[in-house]
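From first to last, the protein sequence lines stand for chains A and B.
UniProt numbering numbers the first residue of the first sequence as 1 and each following residue consecutively.
UniProt numbering numbers the first residue of the second sequence as 1 and each following residue consecutively.
Here is the structure we will look at, set down as structure tokens.
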Amino acid sequence: MSLKRLISNKTMAASAVLMTAFTSTSAFAQEAAAAATATAKPIDMTPIYKTTLFYVLAFLLLCLFVAIIGKALKVYELTRETEGKGKGINWDKINAVLFALFLIVGLYGVYWEYTVHGNMLLPEAASVHGVKIDEMLNITLIITTIVFVATHIVLFAFAYMYRYNKERKAYYYPHNNTLERVWTVIPAIVLTFLVLMGFLTWRSIFYKIEDPNNKPISIEVTSSQFQWDVRYPGADGVVGRKNYKLITAINALGIDFNDKNSMDDQVADEIVLPVNKPVRFSLVSKDVIHSFYMPHFRVQLNTVPGMTSYFEFTPTITTAEMKVKTNDPSFKYLLLCAKICGTNHYNMQKAVRVVSEQEYKEWVAKQVPYLTNDLRETFKLPLLAEPTAAPAAADTTAKDTTSQIALKK
Amino acid sequence: MSTISVHDTHHDNHDDHAHGHHHETFLSKYVFSMDHKMIAKQFLITGIIMAVIAMGLSILFRIQLAWPDKTFPILESFLGHWAEGGRIKPDFYLSLVTIHGTIMVFFVLTAGLSGTFSNLLIPLQVGARDMASPFLNMLSYWFFFMACVIMMSSFFIQTGPASAGWTVYPPLSAVPKAIPGSELGMTLWLISMVLFVASSLMGGINYVTTILNMRTKGMDLWKMPLTIWAFFLTAILGILSFPVLVAGVVLLVFDRSFGTSFYLSDIVLGTQILPNQGGSPILWQHLFWFLGHPEVYIVIMPAMGISSEIISVNSRKPIFGYHAMVYSLIGITILSFIVWGHHMFVTGMNPWLGGVFMITTLIIAVPSAVKTFNWLATLWRGNIRFTPAMLFAIGLVSFFISGGLTGIWLGNAALDINLHDTYFVVAHFHLVMGSAAIFGMLAGVYHWFPRMFGRLMDKKLGYLHFWVTFICAYLVFFPLHFLGLDGVPRRYYAFTEFEFMQKWLTVNVLVTWAAIIAALAQVAFLFNFFYSIFRGKVSTQNPWEANTLEWTAPVERIHGNWPGEIPTVYRWPYDYSKPGSDVDFIQQTTPFSETMSSNMPHDFEGNEEAEEIQKQWDAVNKPSQTAE
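Below you can see the structure in the form of structure tokens.
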């Protein structure tokens, strides 16, 4: 059979394939070129548009390349078959080897990720509870990494070792109760350990016993699209009541100045915290849900309209110290929004500074009260004389109003 | 596909099937079909189309993330004012992530996965002529189809599609002024969702009824393949949890359109005080996640069932620990109802509840671990045939491990404080739900394609598809964990406003390129799929040499599934490579009397008469058996 001999001649077959492929490629290329010129004429070919078309063509070319390879493989397999050399390509073996390779390269990739990207993460926790969270995170990381690596080695090694072999028969092994019990109980024990640890940490974060000698500073944060309004308690240490129904253009937070505690509440355009002193944030939202997220302190809690929530923690590292620790002179603590809240969700931030107790006292003394003369009028409170005698603020009321307006903006 | 009349005169409970007589038109055969196989194909193809759309949306926002300062005029030509000057706008970015999530979770991984394979396999694998209610089944598809159309129509309205995230938390989703997407787009989203849930319920009721009432002779519950167990429990989960979403959605519709205050209170936009009072946005979250968490198991359990079956068939081994596999599915089903609060650790929910939900959440990891180890044990000493379906099933196991393990992090309330709503969560659920469940679905498509179309898909293109997708999926989602650990929140339009995020821009470029390559690799699948429907190699009746009942039905896929009597089932579906048997698979329809040489004592389930017969046979034949 001369035909068979002809087909069995592999070089002939391969060249035939390449020939047909080439002719079809060139034919295709002509077509494509024709199409390209046809579309190109009426449209202004900006460089970007050109590249889009270029990518489309490149992809089509790639498809063609894949098709050629597919055809060549098919011809190769057919010739093997007609020659009687059994089936052409052992795909089971190829896939098994690929799994083995994937395991090796993948493990290296994981190592690379852990060491390279793993070194680009948040610096050490800057709060008391954050250290506990990080400890637990590390334990969880170690446990899960061990399981991750071990199971993947087993998975891909099995895929490689037990690839199809005509001579072999699989081992009929429908169940083994002991084994199943083992791998039910071991994860259960490990998880119990993690649950207990997590539960205790969680409780220690949200159930604080107040130390009368070290009372937390109360700070109120109100979120709205797309800003954070901060209210410091003033000299009395208590943030006064507020009511959303009192919100007007000059009283953006709806502070109720009939409450005595509100009278000395201060505006701040940044959050400044004294180091090693507990702070208790009361969080509420004016419009939609936002999330009060300060990653460096491992603090996050949603702000919900109509519901005040609280997060108490103690910062332990000042901004200046952190600059040294991270070797980054531009280091800043951040407050950002972590709950989708609208168009500018991606840019809803507030600067946070942790300073020494002394610096904090100096800073807080300079902050102006919310209560302006305009507001006094609205609430029918006695107006202050022009050179203001407000206890904490040395600034003039005129300045107060401007800063108020600036804040609103 | 010819219509063979089914005149079942045998003593069979299901012989009342009377579809053989009427004349089939194009409309009744392909459009308003009541044949479960055709409905499965409708679900699958619609699911694939929706998946391609959702994937396209993800590429759009990945481009924005990778090159936030570059312009792409081509985007403007396609998207008009949503990409003015060739840059996607922030509002539209949020629409993209919202609709991407909604389509993928509901339309692709719920309807596309459950809808396809429950419809296709339940009647075929339990031995029924069709679903319990073929009409309801047809309605189920058309409700789903309408839901898809309405969801997509929101791209053609002035204010754009819903953009409050796929979880549509009010007040953002309830107050139209909060974001443009919360105007008409959100209304369409809600209507679409109600239709979708209706579809899902009709499907679910059908699945449960069919499995409980229409199993063929001999098919007791413990002889059902794991696929059927998975579909059964998934349907129960859906029936019990989806109505809660409808309740939530209806209340949201009321809040939006009729001025009620179920979710709204104390809201001020600028200085405009809204009249709503007394509601709680947290209520929506409870209702949503009461569905939402079971939903992720609705997504993954069918994929688990499918891959259990495929791994067993292609390892030529019984699935290891069949009973444990079923009990772990049952365990997951029950537990999945009491873990929803782990989505809400930091919403301001009472911290005491956080502690409780943490415990239940971490318990659910135990059945998941059992399943993983059982898959590994099934591979052990198998004789693995790497069909494309098998590759995808192994890929599922890998993704399920990678994504499942980070669940242990996020399920821990204390760790969740810093990881909540960051890219760590994105990485976690894309691996465990996105990648693993999609791989389960693709595995199912490759495996049961011959059952659906009577032809085989090209395996070499399947290999190409698998390897590129598998590698790229890891390249996309693995690095995202580190963004999350660095405190980068999700749903950020650009990383340009924060200095600490700048260092992740290069990673974003890598991730986007990997995503683009993965998307292009799907062309190999799409071509393979549609080409093989018409031109693929014609399949034999049982191309994978599998045991389950669907492979005893003729390749022609007749209405009513089997000509003549429905086969009787005698054994469990996993008798692969049984010692003493000449062939490495024994179908469920083979009685023990035909396999005397390979029967085992526990096969008879305490039937003393059968054991006695076997004993007598062994006494006569075993010596020669061992000599052989």
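Glycine included, each C-beta is placed from N, C-alpha and C at the ideal position.
Where leucine 73/A meets chain B, residues with beta-carbon distance less than 7 Å: Residue 73/A sits at position 73 when you count from the first residue of the first sequence. What leucine 73/A touches in chain B: Lys460.
Complete runs of the alpha helix (DSSP H) confined to the region 486-525 of chain B [at least 4 residues]: Fully enclosed alpha helix (DSSP H) runs of 4 or longer: not present.
Chain-ordered neighbours of threonine 201/A on chain B, where CB pairs are closer than 9 Å: Walking along the first sequence from the start, residue 201/A turns up at place 201. Chain-ordered, the chain B residues with CB closer than 9 Å to the CB of threonine 201/A read Asn412, Ala413, Ala414, Leu415.
Contact with chain D by glutamine 300/A, beta-carbon distance below 8 Å: The displayed structure is made up of protein chains A and B, and chain D is not among them.
When Gly321/B, Leu283/B, Ile310/B are compared against valine 304/A, the one with the closest alpha-carbon: For this step, residue 304/A is matched to residue 304 along the first sequence. Looking at the Cα atoms, Leu283/B is the closest of the given residues.
Top-ranked residue by Cα proximity to threonine 378/A, from Ala249/A, Ile68/A, Asp236/A, Lys71/A: Here residue 378/A refers to the residue found at position 378 when the first sequence is read from its first residue. Per the Cα distances, Ala249/A.
Arginine 231/A at chain B interface by Cβ criterion, 8 Å: Sequence index remark: in the first sequence, residue 231/A carries index 231 (1-based). No - not a single Cβ of chain B is within 8 Å of the one on arginine 231/A.
Below-8 Å beta-carbon distance, valine 418/B vs any chain A residue: For this step, residue 418/B is matched to residue 418 along the second sequence. It should be pointed out that residue 418/B corresponds to asparagine in this sequence rather than to valine. Among the CB atoms of chain A, one or more fall inside 8 Å of the CB of asparagine 418/B.
Residue environment, lysine 493/B, which counts as buried when at least 16 other CB atoms sit within 10 Å: If you number the second sequence from 1, residue 493/B lands on position 493. What sits at residue 493/B in the sequence shown is tyrosine, not lysine. Tyrosine 493/B is buried by the Cβ-count criterion.
Start-to-end residues for the beta strand (DSSP E) that takes in proline 274/A: As a working note, residue 274/A is residue 274 in the first sequence. In this chain, the beta strand (DSSP E) harbouring proline 274/A covers 271-274.
Residue-level contact to chain A via CB, glutamine 614/B, 8 Å cutoff: Working through the second sequence from its first residue, we reach residue 614/B at position 614. Against chain A, the CB of glutamine 614/B has no partner CB under 8 Å away; the residue lies outside that interface.
Rounded straight-line distance, which links the Cα of aspartate 269/A to that of cysteine 337/A: Indexing the first sequence from 1 puts residue 337/A at position 337. Indexing the first sequence from 1 puts residue 269/A at position 269. For cysteine 337/A and aspartate 269/A, the distance between alpha carbons rounds to 16 Å.
Proximity winner among Leu456/B, Val620/B, Trp572/B, Pro579/B, relative to glycine 218/B (alpha-carbon distances): The sequence position of residue 218/B within the second sequence is 218, counting from 1. Ranking the options by Cα distance to glycine 218/B, first place goes to Trp572/B.
Beta-carbon proximity of residue 463/A to threonine 319/A, cut-off 8 Å: This structure gives no information on residue 463/A, because the portion of chain A shown stretches from 1 to 409.
Reduced DSSP secondary structure (H/G/I, E/B, other) of valine 583/B: By 1-based counting over the second sequence, the position of residue 583/B is 583. Of the three classes helix, strand and coil, the one that applies to valine 583/B here is coil, per DSSP.
Where lysine 215/A sits in the DSSP three-state scheme: Here the question's residue 215/A lines up with position 215 in the first sequence. Residue state, collapsed to three classes: coil.
Simplified DSSP state of asparagine 528/B, which is helix, strand or coil: The residue you call residue 528/B lines up with position 528 of the second sequence. In the structure shown, asparagine 528/B falls within a helical segment according to DSSP collapsed to helix, strand and coil.
Chain A contacts from the region 337-365 of chain B (Cβ-Cβ distance under 8 Å): Taking a C-beta cut-off of 8 Å against chain A, the contacting residues of the region 337-365 of chain B are Val346, Thr347, Gly348, Pro351, Gly354, Gly355, Met358, Ile359, Leu362, Ile363, Ala365, listed in chain order.
Methionine 457/B vs glycine 536/B beta-carbon contact at 8 Å: Looking up residue 457/B in the second sequence gives position 457. Looking up residue 536/B in the second sequence gives position 536. Yes.
Distance between leucine 461/B and glycine 80/B (C-alpha atoms, nearest Å): The sequence position of residue 80/B within the second sequence is 80, counting from 1. The sequence position of residue 461/B within the second sequence is 461, counting from 1. Straight-line Cα distance between these residues: approximately 36 Å.
4 or more residues per run - each alpha helix (DSSP H) lying fully within the region 164-246 of chain B: Qualifying alpha helix (DSSP H) stretches, in chain order: 184-213.
Closer than 7 Å at the beta carbon, the chain B residues around tryptophan 183/A: Position 183 of the first sequence holds residue 183/A. For tryptophan 183/A, the C-beta contacts it makes with chain B under 7 Å involve Ala369, Val370, Phe373, in order along the chain.
Validate contact between the region 358-366 of chain B and the region 195-213 of chain A using beta carbons, cut 8 Å, 3 pairs: By the criterion of at least three beta-carbon pairs nearer than 8 Å, the region 358-366 of chain B is in contact with the region 195-213 of chain A.
Straight-line Cα distance separating valine 299/B from valine 397/B: The residue given as residue 397/B occupies position 397 in the second sequence. The residue given as residue 299/B occupies position 299 in the second sequence. One C-alpha to the other measures close to 15 Å.
Where the alpha helix (DSSP H) containing threonine 303/A begins and where it ends: Within the first sequence, residue 303/A is the residue found at index 303, counting from 1. No alpha helix (DSSP H) contains threonine 303/A, which is instead part of the beta strand (DSSP E) from 299-303.
Sequence-distant residues of the same chain with beta carbon closer than 6 Å to valine 370/B, five excluded per side: Position 370 of the second sequence, counting from 1, holds the residue named residue 370/B. Cβ neighbours of valine 370/B beyond the five flanking positions: Ala324, Ser328.
Same chain, Cβ closer than 8 Å to isoleucine 185/B, five either side skipped, listed in chain order: Counted from its first residue, the second sequence places residue 185/B at position 185. It is worth fixing the name first, because residue 185/B is glycine in this sequence and not isoleucine. Excluding sequence neighbours, glycine 185/B sits near Ser95, Ser154, Ile157, Thr159, Gly160, Pro161, Ala162, Ser163.
As assigned by DSSP and simplified to three states, the class of glutamine 588/B: The residue given as residue 588/B occupies position 588 in the second sequence. In the structure shown, glutamine 588/B falls within a coil segment according to DSSP collapsed to helix, strand and coil.
Beta-carbon contacts of leucine 233/B that lie in its chain and below 7 Å, excluding the five residues immediately before and after: By one-based count along the second sequence, residue 233/B stands at place 233. Within the same chain, leucine 233/B has close Cβ partners Met301, Leu329, Ile330, Thr333.
CB contact below 8 Å: aspartate 486/B versus chain A: Within the second sequence, numbered from 1, the residue matching residue 486/B stands at position 486. Output row for aspartate 486/B: interface = yes.
Strand pairing of cysteine 337/A, partner residues [DSSP]: Taking the first residue of the first sequence as position 1, residue 337/A is located at position 337. Phe292/A, per the DSSP bridge assignment.
Residue-chain proximity (glycine 88/A, chain B), Cβ-Cβ < 8 Å: To locate residue 88/A, count along the first sequence from 1; it is residue 88. Among the CB atoms of chain B, none fall inside 8 Å of the CB of glycine 88/A.
Contact check, isoleucine 133/A vs isoleucine 517/B, beta carbons under 8 Å: Reading the first sequence from its first residue, position 133 is the one you call residue 133/A. Reading the second sequence from its first residue, position 517 is the one you call residue 517/B. In this structure, isoleucine 517/B does not lie closer than 8 Å to isoleucine 133/A by Cβ.
Contiguous alpha helix (DSSP H) assignments of at least 4 residues, all confined to the region 47-100 of chain A: Runs of the alpha helix (DSSP H) inside the region 47-100 of chain A: 47-83.
Within chain B, the residues that isoleucine 271/A reaches when beta carbons sit closer than 7 Å: Residue 271/A sits at position 271 when you count from the first residue of the first sequence. In chain order: nothing, as chain B lies at least about 16 Å away.
Selected residue, minimal CA-CA separation from tyrosine 333/A, among Pro315/A, Thr343/A, Asn344/A, Asn347/A: The count along the first sequence starts at 1 and reaches residue 333/A at position 333. Ranking the options by Cα distance to tyrosine 333/A, first place goes to Pro315/A.
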